[in-house]
Amino acid sequence: MIEISNLTMSLSSAGRSVKILDEINLHVPEKELLAIVGPSGSGKSTLLGLMAGLDRPSSGSIVFDGTSLSDLTEDELAMLRRQKIGMVFQSFHLIPTMTAIENVQVPLELQGRQDASEEAKRLMTAVGLEARCGHYPVQLSGGEQQRVAVARAYAGSPALLLADEPTGNLDSKNGTLVIDLLLNLHRDLGNTFILVTHDMNLASRADRVITLRDGRIVEEQSKP
Ligand SMILES: Nc1ncnc2c1ncn2[C@@H]1O[C@H](COP(=O)(O)OP(=O)(O)O)[C@@H](O)[C@H]1O
Ligand SMILES: [Mg+2]
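Taking the working numbering, the leading residue of the sequence shown gets 145, the next gets one more, and so forth.
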C-alpha cells in the first residue's frame with residue numbers, strides 16, 4: 145500500500161539546515177494497523193503529513209498504491225486525499241460554521257456521491273451521534289467533536305486512515321470511546337490504518353509498532 149524509501153525532510157532554522165526525518169525506509173502493507181510512537185518532536189506528524197501528500201520531502205520517495213507522490217501535482221494530491229485518505233487530528237479540525245452532519249457530508253459531496261446526505265446520516269449513526277446531527281461543533285463536547293471527525297474521516301471508505309494523536313485532547317473515557325470507534329471501523333472496512341499515539345496500551349493493539357527518535361526509526365516490533 146505504502147512504500148517509503150530513503151525519506152529525508154530538512155528544514156532550515158536560524159540559517160542552518162535541521163533534519164526532521166532522516167533516511168526513513170518503511171513498507172506498510174494493505175490492511176495493516178501500524179502504530180507510530182516516539183517522543184514529542186521526533187518527526188511523527190511530519191511523517192504523516194508527507195504520507196498524506198500535504199508536504200513534499202527533501203529527498204526520497206513515497207509510493208502510494210503504485211503511484212509516486214512526487215509525480216503528482218498539488219491538484220492530483222488533493223484528489224488522491226479526497227478519494228483514498230481519511231485523516232483525524234488531535235484538535236478535531238471541524239469546520240465551525242457547519243453542523244456536525246454537514247462536516248461529514250462535505251467530503252462525500254466532493255466525491256460526487258449522490259447519496260451524500262444518507263451516507264452522512266449513516267456515519268453519524270455509526271459513531272453514536274445521530275441525535276447530534278444539527279449541532280455545531282461549539283455545541284459539542286471534545287469527545288463528540290472527535291467522533292464527528294472520525295465519521296468525516298471514514299466518509300467514502302478511505303483505503304488509508306491516518307490519525308495523529310486522536311485522543312491527545314480527550315479524557316480517558318472519551319479517548320477510549322474514540323479509539324474503540326477507530327479500531328471497529330478499521331476492522332469492518334479492512335483498510336490500512338496508521339496511528340500516531342503516546343498511549344502504549346493502544347499501540348500494543350496494533351499489528352506493528354515503530355518508534356521514531358530524532359527523525360529515525362529506532363525500533364520496530366510486530367505483534368507476536
Ligand atoms: N514548519 C516547521 N518549521 C520548523 N520546524 C518544524 C516545523 N514543523 C516541525 N518542525 C520541527 O520538526 C521536528 C519534528 O516535528 P513533528 O513532526 O511535529 O514531531 P512530533 O509529531 O513527533 O512531535 C520538531 O523538532 C519540530 O520543532
Ligand atoms: Mg506531532
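Every residue gets a Cβ at the ideal spot worked out from N, C-alpha and C, and that includes glycine.
Only a predicted model underlies this, so the values are computations on that prediction, with no experimental measurement involved.
Asked                                                                                                            : Found
Nearest-residue set for ligand 1, Cβ under 6 Å from any heavy atom                                               : L155, S157, I164, G182, S184, G185, S186, G187, K188, S189, T190
Simplified DSSP state of A299, which is helix, strand or coil                                                    : coil
Check: E309 C-beta below 7 Å from any heavy atom of ligand 2                                                     : yes
Counted within 10 angstroms of its Cβ, other Cβ atoms place L367 as buried (16 or more) or exposed               : The sequence as given places Lys at residue 367; Leu does not occur at that position. Classification for K367: exposed.
Beta-bridge partners of L192, as assigned by DSSP                                                                : In the DSSP output, where bridge partners are listed per residue, L192 has none listed.
For E147, the nearest candidate out of S212, A270, N345 (CA to CA)                                               : S212
Close-in-space but distant-in-sequence residues of the same chain around F337 (CB under 6 Å, 5 per side omitted) : L177, L305, H330
Alpha helix (DSSP H) runs contained entirely in the region 216-293, provided each spans 4 or more residues       : 218-228, 244-254, 260-270
Helix, strand or coil at N345 [DSSP, three-state]                                                                : helix
L252 versus A158 - alpha carbon distance                                                                         : 43 Å
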